[in-house]
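Trainee: Shown below is the structure under consideration.
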Amino acid sequence: RPFSTTPAARSKLGRTPLSVPPGVEVVMGEPRAVRSATSYKPVVRKTITVTGPLGTLTLDVPEFVDLAQSAEDKTATLSVRDPNEKEQKEMWGTSWSYLNNHITGVSEGHTAILRLVGVGYRASVEQRGAKETFPGQKFLCLKLGFTHPVEVGIPRGVTVTTPSLTRILIEGPDREALMSFAGVVRKWRPPEPYKGKGVFINDETIKLKQKKIK
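If you're matching positions, the sequence shown starts at 5 in my numbering and goes up one per residue.
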């Protein structure tokens, strides 16, 4: 690759102002030392708290990330100390994406739809008192072609309904928690390429293959 003296481009996402809807509050806390999840060494982090009609979410960001807000424009803008430094530029865009999801989550919410494709595949939401990990927890009960039904505990902050026997609607303010739960359900029957059966997330499709005949 030819050598270039042009400075590295700033994160296009990171520098874009985020719209803050009415009823949503975004607050950045003071820097604090926490233990790194990978190296276990102390690192300095800041916590951004996003509060809205649908709940409160928090986002931990590196100490070099800052937040500025405009009450007049109703926007929040992230910045980093050195936008040309690789790690800071990457975290700038990543932090922007997470914060954008949190703002949308507490104001409008996120959704995911699971489709069950297969003969006899069914889903329902039921109570399973003895298996609760917190009071009032519900379970997604699935018939996916096994000899026994599959029961998946629905986590806090995630709402699950079944508009039809083969459709599962997942809703919640935290997109990461929502998609994580969708992934857990999908693992029980990932889409397979020969008959096209399985659990599909949103618009997911799979290219069918033909079986080899010996």
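We put the beta carbon where it would ideally sit given N, CA and C, even for glycine. Small disclaimer: the values here were computed from a predicted structure and weren't measured.
Is it buried or exposed for threonine 9, if we count other Cβ within 10 angstroms and need 16 for buried?
Mentor: Residue placement at threonine 9 is flagged as unreliable, the pLDDT there being 39, under the threshold of 50; a coordinate-derived value is accordingly withheld.
Trainee: At what residues does the beta strand (DSSP E) containing isoleucine 205 begin and finish?
Mentor: It spans 202 to 205 - the beta strand (DSSP E) in which isoleucine 205 sits, taken as one unbroken run.
Trainee: Under a three-way DSSP split, which group does glutamate 112 fall into?
Mentor: Coil.
Trainee: Just to confirm my understanding: we take valine 31, look at its own chain, exclude 5 residues before and 5 after, and list those with CB closer than 6 Å. What are they?
Mentor: Answer for valine 31: Thr53, listed in chain order.
Trainee: So is phenylalanine 221 buried or exposed if we call it buried at 16+ other beta carbons inside 10 Å?
Mentor: With the chain covering 5 to 218 only, the question about residue 221 has no answer from this structure.
Trainee: Shortest alpha-carbon distance to glycine 176 belongs to which of Gly109, Lys201, Arg85?
Mentor: Ranking the options by Cα distance to glycine 176, first place goes to Gly109.
Trainee: Can you give, in chain order, each stretch of the alpha helix (DSSP H) that sits fully within the segment 142 to 210 and has at least 4 residues?
Mentor: Runs of the alpha helix (DSSP H) inside the segment 142 to 210: 179 to 192.
Trainee: Output the residue ranges of the beta strand (DSSP E) runs that lie fully inside the segment 73 to 98 and measure 3 residues or longer, sorted by chain position.
Mentor: Whole beta strand (DSSP E) segments, 3+ residues: 79 to 84.
Trainee: Please list the segments of the beta strand (DSSP E) lying wholly inside the segment 28 to 78, counting only runs of 3 or more residues, in order along the chain.
Mentor: Here the runs fully enclosed are 29 to 32, 36 to 39, 46 to 56, 59 to 66, 69 to 74.
Trainee: On the three-state DSSP scale, how would you describe leucine 229?
Mentor: As displayed, the chain neither begins before 5 nor continues past 218, which places residue 229 out of reach and without an answer.
Trainee: Label threonine 209 either buried or exposed according to how many other C-beta atoms from any shown protein chain fall within 10 Å of its C-beta, with 16 as the threshold for buried.
Mentor: When all chains shown are included, threonine 209 counts as exposed.
Trainee: Mark aspartate 86 as exposed unless 16 or more other C-beta atoms lie within 10 angstroms of its C-beta, in which case mark it buried.
Mentor: It counts as exposed.
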